[in-house]
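Residue numbers (our numbering): 261 to 726.
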């Protein structure tokens, strides 16, 4: 049968087709040679070649290999060297990288010549980095300055300040080539985020997906010590903008403004980075809708206990109420201090020239936070004060001084009064304190903490105790 086919080819087909038919032998030989060429390195002793491999990674990727458990070669589908359980150091900094797999895709022409070993790209898979806040810029510069192809998959990034964990980013993926070139994706607070590094190291776009948060960082000047720029963005429907100066010690915030339908404010201050993380701000509220306060969900806020443990905040808030506003408060000043989850607030405000002062302390880390308070009211005209609450009082220019101490359970809607003093002639008895407690919980504290500031409830409470 084969002889008949062979004769048919010789008798019926042109000579050039004979040549094509003959090529089957050449193709088979080429295929066998290629497979042999790719498979043979599988049998090499890579412990003897690790010096050349490590030298290549350090020279071309700034990765100094400190430790690796094994090096294996896999010929298919693409020839690759796989380094397992690797501990590496970024050669230009003290940043350590722990990776489960470091994969090198070598150039075929250099597989047999390790003195001139070279690669097309590398991939780091299942990685973890624990980094000090001050070294973030080193990591950013490292990523941006690598010229050869690199892909980072499934990176967990732990940001610390001294021994305190500030922020953890998970499932981070990055590639400096291909469709997702210079895009960083991952998760923070269980929300997906995306960072676009563009081709300009002075511009970074950050987007927290499905939250409406979009931030754009623009650096006007970058050097080794100091960085100057501005930040613009959106948080849901709110617009934010600020100028900043950044160095190793602090971030100075200038001309910060926040604009939203129900809340607008301006702010400036500093974020200290060394020796510990601390935020110091002076804030001027421009506009505040009372409905915004009523919609605050304290239970949701208190779910961020891990964040409260890690940040220190000192802020001074001023709010001068507009002249024709319906608010009963003429102006408000608040000094807020948050450290290690303990919140201290000093409030002072005026209502018709009557001065209110209140100090409170709360441990936000407790399962059911308790707020202790000490509040004072000083009024030179009780009639004028009560008029603000639409309560009639006949005596003019009568002074009124009130001091109240106690504590309240924010989530369980409970309050306890330690003492109540009015002027110099009244000190509440134990029975009176229980009476005020029940009245307060039934009228002001019947729903949640935020609703105790409802004007109609305050009026009803005053009428009951009068």
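Quick reminder that beta carbons are idealized off the backbone N, C-alpha and C, glycines included.
Item, Value
"In the DSSP assignment, what are the bridge partners of residue 342?", "332 and 363"
"May I have the straight-line CA-CA distance separating residue 273 from residue 374, to the nearest angstrom?", "Note on residue 273: pLDDT 49, under 50, position unreliable in the model; no value is reported."
"Distance check for residue 612 and residue 644, CA to CA, integer angstroms please.", "7 Å"
"Closest by CA to residue 347, which one among 658, 664 and 356?", "356"
"Straight-line CA distance for residue 439 to residue 509?", "37 Å"
"CA-CA distance, residue 462 and residue 490?", "11 Å"
"Three or more C-beta pairs closer than 8 Å, one from the stretch 669-681 and one from the stretch 568-579: is that the case here?", "no"
"Is DSSP giving residue 537 helix, strand or coil here?", "coil"
"Can you tell me whether DSSP reads residue 437 as helix, strand or coil?", "coil"
"Measure how close the beta-carbons of residue 333 and residue 341 come, nearest whole angstrom, since I'm counting them as under 8 Å.", "6 Å"
"What did DSSP end up calling residue 568 once you bin it into helix, strand or coil?", "helix"
"When the Cα of residue 513 is compared with those of 465, 528 and 501, which residue comes out closest?", "528"
"Going along the chain, which residues of its own chain have a beta-carbon closer than 7 Å to the beta-carbon of residue 399, five neighbours each way excluded?", "355 and 391"
"In the DSSP assignment, find the beta strand (DSSP E) that holds residue 682 and state where it starts and stops.", "674-682"
"For residue 476, which residues in the same chain have their Cβ closer than 8 Å to its Cβ, ignoring the five residues on either side in sequence?", "463, 464, 465, 466, 491, 492 and 493"
"DSSP puts residue 622 in a beta bridge; with which residues?", "603 and 631"
"Considering only the alpha carbon of each residue, which of 683, 372 and 339 lies closest to residue 363?", "339"
"Cα separation between residue 706 and residue 445?", "45 Å"
"Based on the DSSP output, what are the partners of residue 381 in its beta bridges?", "365 and 409"
"According to DSSP, is residue 651 part of a helix, a strand, or is it coil?", "coil"
"Straight-line CA distance for residue 683 to residue 662?", "6 Å"
"Do residue 473 and residue 455 have their C-beta atoms closer together than 8 Å?", "no"
"Which residue from 588, 627 and 366 puts its Cα closest to that of residue 651?", "588"
"Thinking residue 622 and residue 603 are a contact (beta carbons under 8 Å), I'd like their distance in whole angstroms, please.", "5 Å"
"If distances are taken between C-alpha atoms only, which option among 608, 580, 673 and 449 comes closest to residue 566?", "449"
"Since residue 690 sits in a beta bridge, which residues does DSSP pair it with?", "Note: residue 690 sits in no beta bridge, so no partner."
"Please state if the CB of residue 321 and the CB of residue 389 are separated by a distance shorter than 8 Å.", "no"
"Do the CB positions of residue 631 and residue 638 come within less than 8 Å of each other?", "no"
"Can you find the residues in the same chain that come closer than 6 Å, C-beta to C-beta, to residue 359, ignoring five residues on each side of it along the sequence?", "346, 384 and 387"
"What is the C-beta distance between residue 647 and residue 658, in whole angstroms, given that I count them as a contact (C-beta under 8 Å)?", "The pair is not a contact, with the Cβ atoms about 13 Å apart (cut-off 8 Å)."
"Mark residue 564 as exposed unless 16 or more other C-beta atoms lie within 10 angstroms of its C-beta, in which case mark it buried.", "exposed"
"Specify, as a first and last residue, the run of the alpha helix (DSSP H) that residue 532 falls within.", "No alpha helix (DSSP H) contains residue 532, which is instead part of the beta strand (DSSP E) from 523-532."
"Look up residue 753 in the DSSP assignment and say whether it is helix, strand or coil.", "Residue 753 cannot be examined here, being either before or after the span of the chain that is shown, 261 to 726."
"Determine the burial state of residue 412: buried for a count of at least 16 other Cβ atoms within 10 Å of its Cβ, exposed for fewer.", "buried"
"Could you name the residues of the same chain whose beta carbon sits closer than 7 Å to that of residue 686, not counting the 5 residues immediately before and after it, in chain order?", "none"
"Go ahead and label residue 480 buried or exposed: buried means 16 or more other beta carbons lie within 10 angstroms of its beta carbon, across all protein chains shown.", "exposed"
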